[in-house]
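Trainee: So the protein sequences, as listed, match chains L and U.
Just so you know, the first sequence maps onto residues 1 to 305 in the working numbering.
Just so you know, the second sequence maps onto residues 1 to 142 in the working numbering.
For glycine and all other residues, C-beta sits at the position ideal for the given N, C-alpha and C.
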Amino acid sequence: MEHFIDIKDHSKDEIQQILDAAMRVIENPRGYSEAAKGKILATLFFEPSTRTRLSFESAMLSLGGSVLGFSESASSSAAKGESLADTIKTVACYADLIAMRHPKEGAALLAAGVAEVPVINAGDGGHAHPTQTLTDLLTIQREKGRLDNLTVGLCGDLKFGRTVHSLVEALSHHSGIRIVAISPQELRVPEYLKSGVIAKHHMPFLETDQMEDALATVDVLYMTRVQRERFFNEEDYVRLKDRFILDTAKMRLMEEDAIVLHPLPRVNEISVKVDADPRAAYFRQVKNGKYVRMALIMKLLELAG
Amino acid sequence: MNIDGVKNGIVLDHITAGRAMEIYRHLDLDDLDCCVAIIKNVESKKKGKKDILKVDAEIDIDLDMLGFLDPNITVNIIKNEQRIEKKQLALPQLLRNVITCSNPRCITGVEQEIDHIFELSDPEAGVYRCSYCETAYEGRNG
Numbered sequence: 001m002e003h004f005i006d007i008k009d010h011s012k013d014e015i016q017q018i019l020d021a022a023m024r025v026i027e028n029p030r031g032y033s034e035a036a037k038g039k040i041l042a043t044l045f046f047e048p049s050t051r052t053r054l055s056f057e058s059a060m061l062s063l064g065g066s067v068l069g070f071s072e073s074a075s076s077s078a079a080k081g082e083s084l085a086d087t088i089k090t091v092a093c094y095a096d097l098i099a100m101r102h103p104k105e106g107a108a109l110l111a112a113g114v115a116e117v118p119v120i121n122a123g124d125g126g127h128a129h130p131t132q133t134l135t136d137l138l139t140i141q142r143e144k145g146r147l148d149n150l151t152v153g154l155c156g157d158l159k160f161g162r163t164v165h166s167l168v169e170a171l172s173h174h175s176g177i178r179i180v181a182i183s184p185q186e187l188r189v190p191e192y193l194k195s196g197v198i199a200k201h202h203m204p205f206l207e208t209d210q211m212e213d214a215l216a217t218v219d220v221l222y223m224t225r226v227q228r229e230r231f232f233n234e235e236d237y238v239r240l241k242d243r244f245i246l247d248t249a250k251m252r253l254m255e256e257d258a259i260v261l262h263p264l265p266r267v268n269e270i271s272v273k274v275d276a277d278p279r280a281a282y283f284r285q286v287k288n289g290k291y292v293r294m295a296l297i298m299k300l301l302e303l304a305g
Numbered sequence: 001m002n003i004d005g006v007k008n009g010i011v012l013d014h015i016t017a018g019r020a021m022e023i024y025r026h027l028d029l030d031d032l033d034c035c036v037a038i039i040k041n042v043e044s045k046k047k048g049k050k051d052i053l054k055v056d057a058e059i060d061i062d063l064d065m066l067g068f069l070d071p072n073i074t075v076n077i078i079k080n081e082q083r084i085e086k087k088q089l090a091l092p093q094l095l096r097n098v099i100t101c102s103n104p105r106c107i108t109g110v111e112q113e114i115d116h117i118f119e120l121s122d123p124e125a126g127v128y129r130c131s132y133c134e135t136a137y138e139g140r141n142g
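#1: Just checking: is the beta-carbon of LYS104 of chain L within a distance shorter than 8 Å of some beta-carbon in chain U?
#2: Using a Cβ-Cβ cutoff of less than 7 Å, which residues in the same chain neighbour LEU296 of chain L once the five nearest sequence positions on both sides are dropped?
#3: Does the distance from the C-beta atom of ARG293 of chain L to that of SER11 of chain L stay below 8 Å?
#4: Run through DSSP, which three-state label would ASP213 of chain L get?
#5: Taking DSSP as the reference, what is the three-state secondary structure of GLY109 of chain U?
#6: Indicate whether at least one CB of chain L lies closer than 8 Å to the CB of TYR132 of chain U.
#7: Does the Cβ-Cβ distance between LEU63 of chain U and TYR24 of chain U come in under 8 Å?
#8: Using a beta-carbon distance below 8 Å, is HIS173 of chain L in contact with chain U?
#9: So with CB distances below 7 Å, who are the chain U contacts of GLY125 of chain L?
#10: For the structure I just gave you, are there three or more beta carbon pairs, one from the region 98 to 108 of chain L and one from the region 235 to 244 of chain L, closer than 8 Å?
#11: Show which residues of chain U have a CB atom less than 7 Å away from the CB atom of LEU110 of chain L.
#12: So, are the CB atoms of LYS46 of chain U and ALA17 of chain U less than 8 Å apart?
#13: What residue range is occupied by the uninterrupted beta strand (DSSP E) comprising ARG51 of chain L?
#14: In its own chain, which residues sit with a C-beta less than 8 Å from the C-beta of TYR128 of chain U, not counting the 5 before and 5 after it?
#15: Within the same chain, show all residues whose beta-carbon is closer than 6 Å to that of MET211 of chain L, passing over the 5 residues directly before and after it, in chain order.
#16: Quick one: what does DSSP say THR90 of chain L is sitting in, helix, strand or coil?
#17: For LEU221 of chain L and ILE198 of chain L, I'd like the C-alpha separation in whole angstroms.
#18: Here's the rule: buried if 16 or more other CB atoms are within 10 angstroms of the residue's CB, otherwise exposed. What is GLN285 of chain L?
#19: Decide if ARG142 of chain L is buried, meaning its Cβ has at least 16 other Cβ atoms within 10 Å, or exposed.
#20: Using Cβ-Cβ distances below 9 Å, what residues of the region 66 to 86 of chain L are close to chain U?
#21: In the region 196 to 228 of chain L, which residues sit with their C-beta less than 9 Å from some C-beta in chain U, listed in chain order?
#22: Check whether the region 175 to 191 of chain L touches the region 152 to 165 of chain L, taking contact to mean three or more Cβ pairs, one atom from each stretch, closer than 8 Å.
#23: For VAL226 of chain L and TYR32 of chain L, what's the separation of their Cα atoms in angstroms?
#24: Which stretch, first to last residue, makes up the beta strand (DSSP E) that contains MET223 of chain L?
#25: Compare the beta carbon distance of ARG101 of chain L and PHE160 of chain L with 8 Å and say whether it is the shorter of the two.
#26: Report the three-state DSSP secondary structure of ILE23 of chain U (helix, strand or coil).
#27: Buried or exposed, going by whether 16 or more other CB atoms sit within 10 Å of the CB of ILE10 of chain U?
#28: For MET1 of chain U, is the classification buried or exposed, using 16 other Cβ atoms within 10 angstroms of its Cβ as the cut-off for buried?
#29: Identify every run of the beta strand (DSSP E) within the region 236 to 268 of chain L, keeping only runs that are complete inside it and at least 3 residues long; order them along the chain.
#30: Which of helix, strand or coil does DSSP assign to HIS165 of chain L?
#31: Does at least one heavy atom of the ligand HEM sit under 7 Å from the Cβ of GLU47 of chain L?
#32: In angstroms, rounded to a whole number, what distance separates the CA positions of CYS34 of chain U and LEU84 of chain L?
#33: Is there at least one Cβ from chain L nearer than 8 Å to GLY142 of chain U's Cβ?
#34: For GLU57 of chain L, does the count of other Cβ atoms within 10 angstroms reach 16, so buried, or fall short, so exposed?
#35: In chain U, which residues lie with their C-beta within 9 Å of the C-beta of ALA99 of chain L?
#36: Closest Cβ-Cβ distance between GLY107 of chain L and chain U: below 8 Å?
Given below as structure tokens:
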């Protein structure tokens with residue numbers, strides 16, 4: 001595995017290997033505290049994302065490695081007009097591995113084409129965020145004990161929500177996955193995902209705007225935020241952002257062993273009161289994000305994992 | 001109507017009727033100073049009507065671009081007034097610097113001197129997607 005740009009580039013087996021390595025880290029974190037000693041991770045964040053950047057940095061530091069980088073493009077040479085390719089070629093001289101977030105779609109693929117070190121896509125605009133998908137898969141596996149035979153409810157912005165698209169893509173390789181898509185009409189699952197992934201893999205698929213009806217049927221509820229930056233039009237954002245909110249009353253409709261995931265940050269789509277419910281797995285999901293990034297770093301640096 | 005034969009050059013046959021001028025422009029045939037014939041609405045057994053382009057010079061043609069523009073075209077290479085090669089075009093798997101991505105959020109819109117690469121994602125429908133952002137190209141039949 002040379003780079004990690006899109007979940008679609010990797011086989012079910014490759015992904016499972018990373019999840020298995022993450023499980024080994026979870027069982028014995030101290031055993032990996034010097035695994036990446038002497039290695040440097042560059043975190044290049046051309047748009048702010050404190051959570052993802054800190055997760056990568058924490059993962060590398062937990063492996064005994066070092067980190068350098070920037071957290072917004074204003075503090076990078078991009079602000080002076082340098083091309084992305086030149087920035088990447090330069091940073092590749094300083095680091096053993098690059099984790100990059102960029103507002104433009106396809107930026108990570110461009111970086112992978114010019115970098116002489118492995119590149120991890122830490123989010124490229126609305127296109128892909130594959131380490132979030134690894135995080136989601138690890139969380140489902142840990143919480144439910146399996147990645148197959150699950151009814152997965154997707155709720156919120158299913159049109160622009162890249163984490164949702166990648167998760168569906170990754171789950172499509174597993175058997176017995178049923179998808180329940182809960183969203184307003186304007187933010188439904190895009191056609192290319194319906195025909196290109198869901199129909200292609202014969203995944204049972206239900207589309208609804210009735211959140212209450214759907215909740216009782218799901219093993220996993222994946223909540224998403226309606227993101228302001230994905231809209232050209234402020235009016236549309238304001239009208240749609242509050243439509244599907246998970247509160248304690250709605251939690252009562254869900255099965256006892258169901259779980260709630262969210263890629264975070266949330267705005268108000270999950271009531272804070274839900275956090276106390278043991279089925280709310282989203283902060284455990286954050287922790288899994290660090291473990292799975294540790295596993296990925298080891299894999300790309302070809303360290304024993 | 002009588003059009004002279006080609007001595008050394010190419011004949012693009014089976015062009016979809018009405019598209020010869022578009023092909024002419026894309027291949028920059030206007031820049032040539034040799035004899036170029038554009039024949040429109042020729043009777044065709046298979047298609048009813050077709051266009052033909054004849055170029056009386058040995059020129060390099062971007063077959064990927066040509067296949068993308070009209071995969072029905074047959075390219076005939078002529079040497080000493082004899083056809084020495086016949087190439088049946090098809091939609092190319094990959095297009096490099098033939099078309100550009102229309103997605104305003106795509107990296108290809110801001111990064112200088114980047115190759116614009118599209119892959120054939122649906123051969124039946126002829127859908128190409130940008131390799132960077134996966135946005136479908138919508139101008140093919142437009």
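Mentor: If we stick to the structure as given:
#1: Closer than 8 Å: yes.
#2: If we look at LEU296 of chain L and ignore the five residues flanking it on each side, its Cβ neighbours are PHE4, ILE18, ILE120, THR131 and LEU134.
#3: Against a cut-off of 8 Å, the Cβ pair of SER11 of chain L and ARG293 of chain L comes out as no contact.
#4: The answer is helix: DSSP assigns ASP213 of chain L an H, G or I state.
#5: DSSP places GLY109 of chain U in helix when its eight states are reduced to three.
#6: At least one CB atom of chain L sits nearer than 8 Å to the CB of TYR132 of chain U.
#7: No, Cβ-Cβ distance for LEU63 of chain U and TYR24 of chain U is not below 8 Å.
#8: Chain U has no Cβ within less than 8 Å of the Cβ of HIS173 of chain L.
#9: Within chain U, the C-beta atoms nearer than 7 Å to that of GLY125 of chain L come from ARG105, in chain order.
#10: Result no; under three Cβ-Cβ pairs closer than 8 Å.
#11: Near LEU110 of chain L (Cβ distances below 7 Å), the residues of chain U are ILE107, GLU111, ILE114 and TYR132.
#12: The answer is no: Cβ separation not under 8 Å.
#13: Counting along the chain, ARG51 of chain L falls outside any beta strand (DSSP E), though it belongs to the alpha helix (DSSP H) covering 50 to 62.
#14: Closer than 8 Å at the Cβ level, and outside the excluded window around TYR128 of chain U, lie PHE68, LEU95, ILE99, PHE118, GLU119, LEU120, SER121, ALA136, TYR137 and ARG140.
#15: Answer for MET211 of chain L: ILE182 and PHE244, listed in chain order.
#16: In this structure, THR90 of chain L counts as helix in the three-state DSSP scheme.
#17: CA-to-CA, the gap between LEU221 of chain L and ILE198 of chain L works out to about 18 Å.
#18: Looking at its Cβ environment, which holds 16 or more other Cβ atoms inside 10 Å, GLN285 of chain L is buried.
#19: Around the Cβ of ARG142 of chain L, a 10 Å sphere holds 16 or more other Cβ atoms; the residue is buried.
#20: Listed in sequence order: SER83, LEU84 and ALA85.
#21: Per Cβ criterion, the list reads GLY196.
#22: With three or more CB-CB distances shorter than 8 Å, the region 175 to 191 of chain L counts as touching the region 152 to 165 of chain L.
#23: Near 37 Å, if we compare the C-alpha coordinates of TYR32 of chain L and VAL226 of chain L.
#24: Segment 220 to 223, the beta strand (DSSP E) holding MET223 of chain L.
#25: No. Outside cutoff.
#26: Per DSSP, reduced to three states, the secondary structure at ILE23 of chain U is helical.
#27: That one is buried.
#28: Here MET1 of chain U scores only 47 on pLDDT, less than 50, and its place in the model is too uncertain to base an answer on.
#29: List check, beta strand (DSSP E) in window: 259 to 261.
#30: Note: HIS165 of chain L maps to helix in three-state DSSP.
#31: Judged by which ligands are present, the structure shown has none, so any question about the ligand HEM falls away.
#32: Looking at the two C-alpha atoms, the distance is approximately 44 Å.
#33: In this prediction, GLY142 of chain U scores a pLDDT of 41, lower than 50, which makes its location untrustworthy; the coordinate-derived value is nonetheless stated afterwards. No, its Cβ sits nowhere closer than 8 Å to a Cβ of chain L.
#34: Buried, because 16 or more other Cβ atoms sit within 10 Å of the Cβ of GLU57 of chain L.
#35: Here the premise fails: no neighbours, minimum Cβ distance about 17 Å.
#36: It is worth fixing the name first, because residue 107 of chain L is Ala in this sequence and not Gly. Among the residues facing chain U, ALA107 of chain L is included, as its CB has a counterpart in that chain under 8 Å away.
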